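Notes for the one structure printed next.
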Amino acid sequence: MANRPAGTLYRGKVGMWSWVLHRITGVAIFFFLLVHVLDTALIRIDPAGYDAVMATYKTWYIGLGETGLVAAILFHALNGVRIILIDFWRKGAKFQNVMFWVVIGLAILLFAGFAPRHLINVFSHI
Amino acid sequence: MSVIIESPRSRKRSGFNLEKYGWMYMRLSGVLLIILIFGHLFANLMVGDGIHAINFAFVAGKWADPFWQVWDVTMLVLALIHGTNGMRTLVNDYAEREWIRRTLVWLLWITCVTLIVVGILALTTFDPCGDQASLDLLAKDGANVAALCAAH
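Here it is as structure tokens:
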């Protein structure tokens, strides 16, 4: 084990898992974006149809999905800042490990601000 | 016998490096998208009734304001290109056959351009006061129809 590489940015540990999470959340957000542009564009050709689609966005199960989507967006956004700092900040690579946990901490904090508000909106109208 | 030292293999590249600009785009658009999407989520999901307030009249109200029109179009363009370029990176990494990789990358950009055009057309040609059915729906959704249509 003595020769096991350690401290590289993308191999093993936090560096690798943040990269994996960044990809997974990115793909999830991308596919939501495709749907979201289409459902919003529907308003131009069928206003009543738009309201019908929005009604499905207000169900409890899609509401839970929205909560997950925002969690994914929060991680992807904050970890994106971490990546920028690794690339452009002189000490970025040195602190990438700490910055990952700052990302997680901030994401949890922002999520704690969002989730109760959204879930109350979702579940108080069922 | 002398040792032959080859000249360095990395040539100095001249000219336009598209991948470099792609790399820069991801970071630049990423920063802007944090502002745009966080603002979008706050205005649509955190204020008032959140998701339950969103309907035809809600969007008609927002798009009566040039501020949100510019906000939404900028977000649309930046996000779709950011997402498509990110997906292109994944396709380049994971598609093993060249023709599959090429096809998927083409599909991604076609989808991207199509959705940008569809989104911009939907927003710029949007007229919530254009016909009676729309006006009825605005009233049903609880909008102040006179004020809203004066703004559009």
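Taken in sequence, the protein lines are chains A and B. The end of the first sequence is residue 110 by our numbering, with every number in the run present. The end of the second sequence is residue 652 by our numbering, with every number in the run present. For every residue, glycine included, the Cβ atom is placed at its ideal position computed from N, Cα and C. Here the structure is a predicted model, which is why all the values come from computation and not from measurement.
inquiry  = Here's the rule: buried if 16 or more other CB atoms are within 10 angstroms of the residue's CB, otherwise exposed. What is A:Gly10?
reply    = Residue 10 of chain A sits at position 26 when you count from the first residue of the first sequence. So A:Gly10 counts as buried.
request  = Identify the continuous alpha helix (DSSP H) that holds A:Gly33 and give its terminal residues.
outcome  = Numbered from its first residue, the first sequence carries residue 33 of chain A at position 49. Here the alpha helix (DSSP H) through A:Gly33 covers 31 to 41.
task = Would you mind reading off the limits of the alpha helix (DSSP H) that contains B:Phe556?
result = Against the second sequence, residue 556 of chain B aligns to sequence position 56. It spans 556 to 562 - the alpha helix (DSSP H) in which B:Phe556 sits, taken as one unbroken run.
Between the CA atoms of A:Ala56 and B:Ala646 - distance to the nearest angstrom = Residue numbering aside, residue 646 of chain B sits at position 146 when the second sequence is read from its first letter. Residue numbering aside, residue 56 of chain A sits at position 72 when the first sequence is read from its first letter. Roughly 40 Å between the two C-alpha positions.
task = Give the residues from the region 80 to 106 of chain A that approach chain B closer than 8 Å (Cβ to any Cβ), ordered along the chain.
result = Phe98, Arg101, His102, Asn105, Val106
ask   = With contact counted as at least three CB pairs below 8 Å, one residue from each stretch, are the region 99 to 107 of chain A and the region 31 to 50 of chain A in contact?
value = yes
task = For B:Ala633, count neighbouring Cβ atoms within 10 angstroms of its own Cβ and tell me buried if that reaches 16, exposed if not.
result = Position 133 of the second sequence holds residue 633 of chain B. The residue in question, B:Ala633, is exposed, as its Cβ has fewer than 16 Cβ neighbours within 10 Å.
request  = Would you give the residue range spanned by the alpha helix (DSSP H) that A:Leu102 belongs to?
outcome  = As a first step, residue 102 of chain A is located in the first sequence; it is residue number 118 there, counting from the start. Residue identity check: residue 102 of chain A is His in the sequence provided, not Leu. 80 to 107 is the span of the alpha helix (DSSP H), which, as asked, contains A:His102.
query = Quick one, which of B:Ile600, B:His652, B:Val531, B:Ser507 has its alpha-carbon nearest B:Thr624's?
reply = Counting from one through the second sequence, the residue named residue 624 of chain B turns up at place 124. Of all alpha-carbon atoms in B:Ile600, B:His652, B:Val531, B:Ser507, the one lying nearest the alpha-carbon of B:Thr624 is that of B:His652.
inquiry  = Under 7 Å, CB to CB, which of the residues in the region 541 to 552 of chain B have a partner in chain A?
reply    = Leu541, Leu545, Met546, Asp549, Gly550, Ile551, His552
task = Could you list which residues in chain B have their beta carbon closer than 7 Å to that of A:Gly10, in chain order?
result = By 1-based counting over the first sequence, the position of residue 10 of chain A is 26. Per Cβ cutoff of 7 Å: Gly586.
task = Give every residue of the same chain whose Cβ lies closer than 7 Å to the Cβ of B:Ala595, excluding the five residues on either side of it in the sequence, and list them in chain order.
result = Taking the second sequence and counting its residues from 1, one reaches residue 595 of chain B at position 95. Once the five neighbours on either side are set aside, the close Cβ partners of B:Ala595 are Arg601, Leu604.
Proximity test, Cβ basis, 8 Å: A:Gly47 and chain B = Counted from its first residue, the first sequence places residue 47 of chain A at position 63. Output row for A:Gly47: interface = yes.
query = Under 8 Å between the Cβ atoms of B:Ile581 and B:Ser529?
reply = Counted from its first residue, the second sequence places residue 581 of chain B at position 81. Counted from its first residue, the second sequence places residue 529 of chain B at position 29. In this structure, B:Ser529 lies closer than 8 Å to B:Ile581 by Cβ.
ask   = Going along chain A, which residues have a C-beta under 7 Å from B:Phe567?
value = The residue labelled residue 567 of chain B in the question sits at position 67 within the second sequence. Chain A residues near B:Phe567: none, gap ~17 Å exceeds 7 Å.
request  = Assign A:Ile29 to buried or exposed, taking buried as 16 or more other Cβ atoms, counted over all protein chains shown, within 10 Å of its Cβ.
outcome  = Position 45 of the first sequence, counted from the start, is the residue given in the question as residue 29 of chain A. By the neighbour-count rule (16 or more Cβ atoms within 10 Å), A:Ile29 is not buried but exposed.
request  = Please decide whether B:Gly642 counts as near chain A, where near means a Cβ-Cβ distance under 8 Å.
outcome  = Here residue 642 of chain B is taken as the residue at index 142 of the second sequence, counted from 1. No, B:Gly642 lies away from the interface with chain A (no Cβ there is under 8 Å from its Cβ).
task = Find out if the Cβ-Cβ distance for the pair B:Leu590, A:Arg7 is shorter than 8 Å.
result = Stepping through the second sequence from its first residue, residue 590 of chain B is reached at position 90. Stepping through the first sequence from its first residue, residue 7 of chain A is reached at position 23. Yes, they are a contact pair.
request  = Determine the closest residue to B:Arg527 out of A:Lys(-3), A:Val(-2), A:His60, with distance taken between C-alpha atoms.
outcome  = Within the second sequence, residue 527 of chain B is the residue found at index 27, counting from 1. Among A:Lys(-3), A:Val(-2), A:His60, the Cα nearest to that of B:Arg527 belongs to A:His60.
key: Alpha-carbon to alpha-carbon, B:Val547 and A:Gly23   = Position 39 of the first sequence, counting from 1, holds the residue named residue 23 of chain A. Position 47 of the second sequence, counting from 1, holds the residue named residue 547 of chain B. One detail in the question is off: residue 23 of chain A reads as Asp in this sequence, not Gly. Roughly 21 Å separates the two Cα atoms.
ask   = When the cut-off is 8 Å and only beta carbons count, does B:Asn517 lie next to chain A?
value = Within the second sequence, the letter at position 17 stands for residue 517 of chain B. Answer no: the Cβ-Cβ gap between B:Asn517 and chain A never drops below 8 Å.
ask   = Helix, strand or coil: how does DSSP classify B:Asn544 here?
value = If you number the second sequence from 1, residue 544 of chain B lands on position 44. Helix, per DSSP.
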